[in-house]
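To convert, note that position 144 of the sequence shown is 1259 in the numbering used here; the numbers rise steadily by one, no gaps.
Input: a single structure, listed below in structure tokens.
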Amino acid sequence: MTNPNDIYIDFASKISFFEFIQDEFRHTNILVDEMKEEISLLGSKKEWNINDLSDYVKTYPRSFIIFQEVFQLLRFTNAQLIHFVFDVVKLNSLNINGIYEYMILNLKYDLEFRKIYLMTINRTLKYDDFMTNIKQYDKRYLVATFKRAISKYIDKIANNFSILEKRILKSEFEDFSIRFSNYLLSNLNL
1116 MTNPNDIYID FASKISFFEF IQDEFRHTNI LVDEMKEEIS LLGSKKEWNI NDLSDYVKTY
1176 PRSFIIFQEV FQLLRFTNAQ LIHFVFDVVK LNSLNINGIY EYMILNLKYD LEFRKIYLMT
1236 INRTLKYDDF MTNIKQYDKR YLVATFKRAI SKYIDKIANN FSILEKRILK SEFEDFSIRF
1296 SNYLLSNLNL
């Protein structure tokens, strides 16, 4: 008989991201006086394409708050945030090695995500120790933990925009502004 723990880890490593059952309401965070430049620049341009809007979001990461608060009538859902912040095509792939490499990229360049991920495994685990001993872990377990940590990370950025702002500004995560801009132009007809 197969080990039930192995069956669960295999299942958990293959979970796809859709909607999670989490509270989706919170009070607005838009501070108009502090965002005059972002609002002015946004209003001054009539025609946007993905490249222009992506550059705008990357240059003015606080503009995310404007889009979230105004266009989403309070905030994006956690599922939407997952789709903006992470490459869901990679996450939902059946290629465990591809997801694993994507996990490594996120651990390497997003310190807040790294902290959440490592605490999910063991509260005292340090990054250097983890990376030194990474081969000792079942890859499926690491991927399942990656997906679990994503949900925790999204909860955190929903309450603290500065974490997301740091991520948006990193060149390693420039795909965020592309996915987000594509959503605004395609789904909200900005």
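All C-beta atoms, glycine included, are put in the ideal place defined by N, C-alpha and C.
Over the uninterrupted alpha helix (DSSP H) stretch that includes residue i, give me the two end residues.
i, result
"Asp-1270", "1254–1274"
"Ile-1249", "From DSSP, Ile-1249 is part of no alpha helix (DSSP H); its letter is neither H nor E."
"Met-1218", "1211–1224"
"Thr-1174", "1165–1174"
"Lys-1205", "1203–1206"
"Phe-1191", "No alpha helix (DSSP H) contains Phe-1191, which DSSP labels as neither H nor E."
"Asp-1148", "Counting along the chain, Asp-1148 falls outside any alpha helix (DSSP H), and DSSP gives it neither H nor E."
"Leu-1300", "1290–1302"
"Ser-1178", "1178–1181"
So, are the CB atoms of residue i and residue j less than 8 Å apart?
i, j, result
"Ile-1122", "Arg-1255", "no"
"Ile-1278", "Phe-1179", "no"
"Ala-1273", "Leu-1196", "yes"
"Tyr-1242", "Thr-1260", "no"
"Leu-1083", "Phe-1182", "Coverage of the chain is limited to positions 1116 through 1305, which leaves residue 1083 absent and any answer about it impossible."
"Glu-1153", "Tyr-1224", "no"
"Glu-1289", "Pro-1176", "no"
"Phe-1228", "Leu-1220", "no"
Leaving out five residues on either side along the sequence, give the residues of the same chain with a beta carbon under 7 Å from the beta carbon of residue i.
i, result
"Val-1258", "Ser-1128, Ile-1211, Ile-1214, Tyr-1215 and Met-1218"
"Ser-1296", "Ile-1165, Leu-1168, Ser-1169 and Val-1172"
"Lys-1205", "Gly-1213, Ile-1214 and Tyr-1217"
"Phe-1201", "Ile-1265"
Let me know if residue i comes out buried or exposed under the rule of 16 or more other beta-carbons within 10 Å of its beta-carbon.
i, result
"Gln-1137", "Because Gln-1137 carries a pLDDT of 42, less than 50, the predicted location of this residue cannot be relied on, and no value is offered for it."
"Asn-1302", "exposed"
"Ser-1169", "buried"
"Tyr-1252", "exposed"
"Leu-1156", "exposed"
"Asn-1237", "exposed"
"Glu-1134", "Any reading at Glu-1134 is ruled out, since the residue's pLDDT is 41, under 50, leaving its predicted position unreliable."
"Ile-1249", "exposed"
"Lys-1285", "exposed"
"Lys-1262", "buried"
Is any beta-carbon of chain B found at less than 8 Å from that of residue i?
i, result
"Trp-1163", "Among the chains in the structure shown there is no chain B, since it carries only a single protein chain."
Just to confirm my understanding: we take residue i, look at its own chain, exclude 5 residues before and 5 after, and list those with CB closer than 6 Å. What are they?
i, result
"Ala-1264", "Ile-1231, Tyr-1232 and Thr-1235"
"Ile-1293", "Ser-1169"
"Met-1116", "Any reading at Met-1116 must be qualified, since the residue scores a pLDDT of 46, below 50, and its modelled position is unreliable; the value itself is stated next. The answer is none, since no qualifying residue turns up."
Within its chain, find whatever has a CB closer than 8 Å to the CB of residue i; leave out the 5 residues flanking it on each side and keep chain order.
i, result
"Phe-1199", "Phe-1191, Phe-1291, Arg-1294, Phe-1295 and Tyr-1298"
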